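Going line by line, the protein sequences match chains A and B. Numbering follows our numbering, with no gaps: position 47 of the first sequence is 112. Numbering follows our numbering, with no gaps: position 4 of the second sequence is 522. A virtual CB, placed ideally from N, CA and C, is assigned to each residue, including glycine. Computed from a predicted structure; not experimentally measured.
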Amino acid sequence: MNISYMYSLIAVMVLFLLAYLGAQVTVGKVFLGFIIPFLAAITFIVGFIYRVVDWARSPVPFCIPTTCGQQKSLPWIKSAPIENPSTTGGVIVRMFLEIVFFRSLFRNTKQKLKEGDKLSYEWEIWLWVGALAFHWAFFTVVFRHLRFFLEPVPACIQIVENLDGFLQIALPGLLLSGVVLLAAVTFLFLRRIFIPQVRYISLASDFFPLFLIMGIAFTGILMRYFTKVDIVGIKDFAMGLVTFHFHIPEGVGGLFYVHLFFVSILLAYFPFSKLMHLGGIFMSPTRNLTTNSRVKRHINPWNYPVKVHSYEAYEDEFREKMVEVGLPVEKMIEPEPPKEDAPPEEEAEPPEEAEPPEKEAELPEESEEKE
Amino acid sequence: MPNNKKMYDKGKVVAGLIIFGVLITFPLWYNHLKVAPAPEPKLVGKAAKAGQECIEPKSFMKAEHMLVLDIWRDTVVRSAKRVYVNESGKEFEMSLTNTCLDCHTEKAEFCDKCHNYALVLPYCWDCHIDPKEKM
Ligand code: HEM
């Protein structure tokens, strides 16, 4: 039994109590209201940049893009320009589809033994559905939250909010993304609990962000639809927070401070955790490299000059001894009287002719033969 | 951090980080580092000036006015009941026009102040227009 989720659940519950009780006193409000959010924001920004720079400093020794289609080769072989992008444009399209629609996750499969011992592979779409719903809902909620931070509120936020509330039910009007967020994060949690293999590999650090986001969505929904908060007061406070004019909002209850504290914890935790996949997806060599390994030589950046002893040099060094014991050599020793040498010269290449051009010229001939 | 200080694809990575920085600090420069003053809704109706009290305390109205209106509408339309009795036993006619609008005459001076500020734009006004508003 994997009980790591218990640690995360307890951690989130302790954080909840900390914020809820802390918000009852003025010192607590000062900490929860700006000292912690401010430190969290700095940790997030500095930590995020640090992690990305760290990745940028790690060399990529090989050309290792994952491919799911035919690489570009000969003109008459149909290639897959997005699945196996040989151009920067193709890479951009592939990255975009990956980041926005999680294309590789869409191809997720699951292995199963059927009828006793028949191994079968099945398309498993639900992780993709859950993950996409979760990320899109999260993004939409955060985007809509900009109404608390911007004055005047840009029209695009209103458009998103209208679309999000298109059901036009409940009062205050139900915004779908908040509910989808809570439902999707719950699904992603249950998946880790109920699928044995996934439960086996799940760590406390997998459950913690899930519980934290569950807590954020839950407190947000409570505030909006049930307990109600002073939105105007909170906007005044939130605008102060992002422009460094701090003041404590009046008459705002513990739930808001819990919401804000959870978000602060999420921000501060972000750079140290798996949540950094937000930056990491852009830095993944398996996604962001062009599959041009047949066209361009990918040089390992940590190559240092290696002292090599080529076969040519080796033969030059040992030719006489090799000939002596009857080993085949590429270049015969030139005998002293040149006249007698006419027949073997056909095999061995005349030393005057440059070697590389001749080798290159040989290659197309071979491929033509294959055609 | 690896001990060599070279950044690969420096141009692209730095460009990406600049985009990240600009997006994350968007509220800061959008607001020009200033806090726009919070709205102050004004009561300009005659009844309000004559000292008329609201049906419920301000804190309750602030949080629940939309539910009050919703319940009033349903009660009037479906049960034909028109009298609202508040906590302290005072009676009011359940009517937006005859009760609320006596004090809250100007939508633009009262409702819109907070509603625009907090971007809460109910769809009621898609059909029911305020006659004073120019289309
Ligand atoms: C990771 C960031 C955040 C997430 C995921 C989040 C999530 C939510 C959700 C799901 C709701 C329910 C209503 C809705 O769907 O909009 C909500 C409401 C709310 N959130 Fe957040 N929140 C976040 C950050 C913040 C921050 C930083 C503040 C501080 C200003 C805040 C203040 C509020 C308030 C005041 C409400 C109530 C809205 C209303 O009554 O209309 N949230 N939040």
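Taking the CA atoms as reference points, B:K528 sits about 7 Å from A:A121. In this structure, the ligand HEM has a non-hydrogen atom nearer than 7 Å to the beta-carbon of A:L240. Taking the beta carbon of A:M341 as reference, no residue of chain B falls within 8 Å; the closest one sits roughly 12 Å away. When rounded, the separation of the alpha-carbon atoms in A:A105 and A:K177 is 44 Å. Within chain A, the residues F347 have their CB atoms less than 7 Å from the CB of B:G534, given in chain order. By the CB criterion at 8 Å, A:P150 and A:T356 fall inside the cutoff.
DSSP, read as helix, strand or coil, puts A:L247 in helix. The DSSP-derived three-state label of A:S169 is helix. Excluding the 5 residues flanking it on each side, B:Y635 has same chain C-beta neighbours closer than 8 Å at A556 and P557, in chain order. Straight across, the Cα-Cα distance linking A:W201 with A:E180 is about 39 Å. Taking all protein chains in view, the Cβ of A:N368 is surrounded by fewer than 16 other Cβ atoms within 10 Å, so the residue is classified as exposed. In this structure, DSSP gives B:Y526 a state outside helix and strand, which the three-state scheme calls coil. Within chain A, the residues placing a beta-carbon under 8 Å from that of B:L585 are L236, ordered along the chain. Residue state for B:S577 is assigned as helix, using DSSP reduced to three classes. In the DSSP assignment, A:T174 is bridged to A:W188. Ranking A:G98, A:L236, A:V90 and A:I129 by CA distance to the CA of B:M584 puts A:L236 first. Boundaries of the alpha helix (DSSP H) around A:V263: P261 to I266. Annotation: A:V125 is outside any beta strand (DSSP E) and is labelled neither H nor E by DSSP. Using a 10 angstroms sphere on the CB of A:P130, the tally of other CB atoms reaches 16 or more, which defines it as buried. Within 10 angstroms of the beta-carbon of A:D229 lie 16 or more other beta-carbons, which makes it buried. In this structure A:K293 does not touch A:F213 by the C-beta definition: roughly 15 Å separates them, more than the 8 Å allowed.
The beta carbon of A:T308 falls within 8 Å of a beta carbon belonging to chain B, placing the residue at that interface.
Straight-line spacing of the CA atoms in A:M279 and A:L354 works out to 36 Å.
Approximately 4 Å separates the beta-carbon atoms of A:F326 and A:A84; this is inside 8 Å, confirming the contact.
Boundaries cannot be given for B:V553, as no beta strand (DSSP E) includes it and DSSP labels it neither H nor E. With respect to B:N604, B:I647 sits apart: the two C-beta atoms are not nearer than 8 Å.
The Cβ of B:L639 sits closer than 8 Å to at least one Cβ of chain A. With contacts defined by Cβ atoms closer than 8 Å, A:R384 and A:I364 do not form a contacting pair. At a cut-off of 8 Å between C-beta atoms, B:V540 does not count as an interface residue with respect to chain A. Within chain A, L215 have C-beta atoms less than 7 Å from the C-beta of B:Y548, given in sequence order.
The ligand HEM has no heavy atom closer than 7 Å to the beta-carbon of A:P314.
Taking 8 Å as the threshold, the shortest C-beta distance from A:D295 to chain B falls below it.
Shown here, A:Y322 sits in a helix according to DSSP, grouped into three states. Of all residues in the region 99-117 of chain A, those with a C-beta nearer than 9 Å to a C-beta of chain B are A106, F109, I110, F113, I114, Y115 and V117, reading in chain order. With a cutoff of 8 Å on beta-carbon distance, A:A76 and A:F273 are scored as near each other. When secondary structure is reduced to three states using DSSP, A:E226 falls in the helix class.
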